[in-house]
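These notes concern the structure reproduced below.
Residue numbers (the UniProt record's numbering): 1 to 151.
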């Protein structure tokens, strides 16, 4: 059984982070690159969104009986296998697993330029992820509450 509070909390973290990142994405490139606070906020909010995304994914995978993923890429792979994410979207977002590791373990190599690039081109991935999760949860809820045929 899914923990609805955990799911709602992680979706809220992702939505909150994305709203803030969308504001930063409106900054002109040069202004963003020179604004240390904006860069710090972008890095922090992106990391938080990714952590929430993978926490949520791990929860759904485990509670769906798909096993215990050993790493972040495996979470996305198992979500694809469990029909939580379409295959094309899973391939698209798979790279974010590596980027989460970069933010946490190679933080000293993260550049303002790459953060700005993500702000400009990848924020929609988070919105799509959340929509796929909501769709999956609605579908599984309907299936649980639909009586078997012939009864």
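Backbone N, C-alpha and C define an ideal beta-carbon position, used for all residues, glycine too.
Three-way DSSP call (helix, strand, coil) for residue i in this model
i          : result
residue 94 : helix
residue 67 : coil
residue 89 : helix
residue 51 : helix
residue 57 : helix
From the options, residue whose alpha carbon lies closest to that of residue i
i           : options           : result
residue 9   : 34, 57, 125       : 57
residue 4   : 85, 145, 144, 137 : 137
residue 124 : 92, 61, 31        : 92
residue 13  : 39, 40, 54        : 54
residue 116 : 63, 16, 41        : 41
residue 63  : 50, 84, 44        : 84
Cut-off 8 Å between Cβ atoms - residues of its own chain near residue i, not counting five sequence neighbours on either side
i           : result
residue 104 : 47
Residues of its chain near residue i, where Cβ-Cβ distance is below 7 Å and the 5 sequence neighbours each way are ignored
i          : result
residue 97 : 72, 73, 76
CB of residue i within 8 Å of CB of residue j, strictly
i           : j          : result
residue 130 : residue 59 : no
residue 128 : residue 24 : no
Please specify which runs of the alpha helix (DSSP H), each continuous and at least 4 residues long, are wholly inside the segment 19-45, giving them in chain order. 29-34
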